[in-house]
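Chemist: Below is a structure I'd like to ask you about.
This is the structure we're talking about:
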C-alpha cells in the first residue's frame, strides 16, 4: 500500500468517526432539517464530477463522471425539495371565513 493511499484512507476513516460523533450529538428533531440542508449544499460534488469529466481520458471515466454528476444533481434537488416541504410546514394557513366554517 502506498503512502498516499494510506493517508487518504486514514483521512476517510477519521472523517467517518468525526461525522458519526457529530451526528450522534444532534437531537432527533433536528436531524431532518440538518440533513436536507446538507444535501442542498452538496452541490460541490457536481463540481467534482465536472473536474473528473474534464480530465477523463477513457470511456470508463466519462461514464463515472456522468454517474457522479447525475447522482449529485439528484441529491441536491432532493435536498432542496425536502427543505422546501419542511419550510412549508411552518407557513400559516389562511384563516377560514365565517361562512365557510359553518358550511363544513
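In UniProt numbering, the protein residues as written are 1 to 104. We treat Cβ as the ideally placed atom computed from N, Cα and C, and that holds for glycine.
Does residue 7 get closer than 8 Å to chain B when you measure Cβ to Cβ?
Modeler: Within the model displayed, chain B is absent; a lone protein chain is all it includes.
Chemist: Label residue 57 either buried or exposed according to how many other C-beta atoms from any shown protein chain fall within 10 Å of its C-beta, with 16 as the threshold for buried.
Modeler: For the purposes of this step, residue 57 is identified with residue 57 of the chain shown, where counting begins at 1. That one is exposed.
Chemist: I'd like to check one pair, residue 32 with residue 86: are the Cβ atoms closer than 8 Å?
Modeler: As a working mapping, residue 86 is identified with position 86 in the chain shown. As a working mapping, residue 32 is identified with position 32 in the chain shown. Their beta carbons are under 8 Å apart, which means residue 86 touches residue 32 by this criterion.
Chemist: Check residue 33 in the structure and name its three-state DSSP category.
Modeler: The sequence position of residue 33 within the chain shown is 33, counting from 1. Correct three-state label for residue 33: helix.
Chemist: Quick one: is residue 54 buried, meaning 16 or more other Cβ sit within 10 Å of its Cβ, or exposed?
Modeler: Stepping through the chain shown from its first residue, residue 54 is reached at position 54. Counting Cβ neighbours within 10 Å, residue 54 comes out exposed, since fewer than 16 surround it.
Chemist: State the Cα-Cα distance for the pair residue 77 and residue 19, rounded to the nearest angstrom.
Modeler: Here residue 77 is taken as the residue at index 77 of the chain shown, counted from 1. Here residue 19 is taken as the residue at index 19 of the chain shown, counted from 1. Rounded to the nearest angstrom, the two C-alpha atoms are 23 Å apart.
Chemist: Along the chain, where does the alpha helix (DSSP H) that runs through residue 75 open and close?
Modeler: In the chain shown, counting from the first residue as 1, residue 75 sits at position 75. Start and end: 59–88.
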